[in-house]
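Numbering (UniProt numbering), first residue to last: 1 to 139. Beta carbons: idealized from backbone N, C-alpha and C, even for Gly. What follows is a single structure, written as structure tokens, with notes after it.
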Ligand SMILES: Nc1ncnc2c1ncn2[C@@H]1O[C@H](COP(=O)(O)OP(=O)(O)OP(=O)(O)O)[C@@H](O)[C@H]1O
């Protein structure tokens with residue numbers, strides 16, 4: 001995946017709360033182009049595979065249960081400096097600490113149910129994008 005791309009997913013709390021539209025609107029208004037988008041229901045195994053890096057953390061099982069509790073909206077986005085700019089747009093992991101105007105501040109329920117994911121490096125963006133989309137879907 002080119003380095004001007006990042007991967008995101010709108011998480012089950014925000015999809016269930018009806019925030020998909022407003023979140024996508026803010027992403028596009030911030031200059032990100034949507035390269036790929038779909039709606040998916042993860043299995044417990046898939047959620048565990050996606051968050052394998054957190055397998056030893058105490059919140060891992062709860063995180064997997066949450067991530068497969070409802071539909072998610074994975075997307076690949078394009079913009080110059082995509083990874084860093086998108087992390088700024090979504091704000092801190094804990095919405096209580098997220099800056100005013102960020103997506104998590106506006107739409108997240110809690111530290112775990114924090115509305116949206118954003119890749120933390122170009123390498124992870126490529127791996128995470130490939131988890132959900134084929135090469136053909138990413139042209
Ligand atoms: N202490 C915690 N308790 C419960 N859930 C947590 C905790 N820390 C993180 N999480 C959940 O695990 C996800 C991944 O944690 P990570 O530390 O990678 O945060 P992040 O990089 O800001 O989030 P993401 O990778 O989803 O963008 C968080 O987005 C959140 O949903």
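Tell me which same chain residues have a C-beta within less than 6 Å of the C-beta of residue i, skipping the five on either side of it?
{"i": "residue 19", "result": "107"}
{"i": "residue 92", "result": "98"}
{"i": "residue 87", "result": "118"}
Ordered along the chain, which non-local residues of its own chain (more than five positions away) have a Cβ less than 7 Å from that of residue i?
{"i": "residue 79", "result": "4, 31, 32, 33, 85"}
{"i": "residue 64", "result": "44, 47, 48, 51"}
{"i": "residue 133", "result": "36, 76"}
{"i": "residue 138", "result": "1, 35, 36, 76, 129"}
{"i": "residue 125", "result": "1, 5, 6, 7, 83, 119"}
{"i": "residue 197", "result": "No information on residue 197 is available, as it lies outside the stretch 1 to 139 that the chain covers here."}
{"i": "residue 109", "result": "13"}
{"i": "residue 16", "result": "70"}
Residue i bridges to which residues according to DSSP?
{"i": "residue 8", "result": "75, 118"}
{"i": "residue 138", "result": "Its beta-bridge partners do not exist; DSSP assigns none."}
{"i": "residue 40", "result": "72"}
{"i": "residue 33", "result": "78"}
Measure how close the beta-carbons of residue i and residue j come, nearest whole angstrom, since I'm counting them as under 8 Å.
{"i": "residue 39", "j": "residue 73", "result": "6 Å"}
{"i": "residue 116", "j": "residue 11", "result": "6 Å"}
{"i": "residue 119", "j": "residue 66", "result": "The pair is not a contact, with the Cβ atoms about 19 Å apart (cut-off 8 Å)."}
{"i": "residue 26", "j": "residue 71", "result": "At roughly 19 Å, the Cβ-Cβ gap does not stay under 8 Å, so residue 26 and residue 71 are not in contact."}
Leaving aside the five residues before and after residue i along the sequence, list all residues of the same chain whose C-beta is less than 8 Å from its C-beta, in chain order.
{"i": "residue 121", "result": "83"}
{"i": "residue 23", "result": "10, 14, 103, 107, 115, 116"}
{"i": "residue 55", "result": "48"}
{"i": "residue 28", "result": "34"}
{"i": "residue 81", "result": "4"}
Stretch-stretch touch, CB-based, cutoff 8 Å, three pairs: the segment 93-106 with the segment 56-75: no
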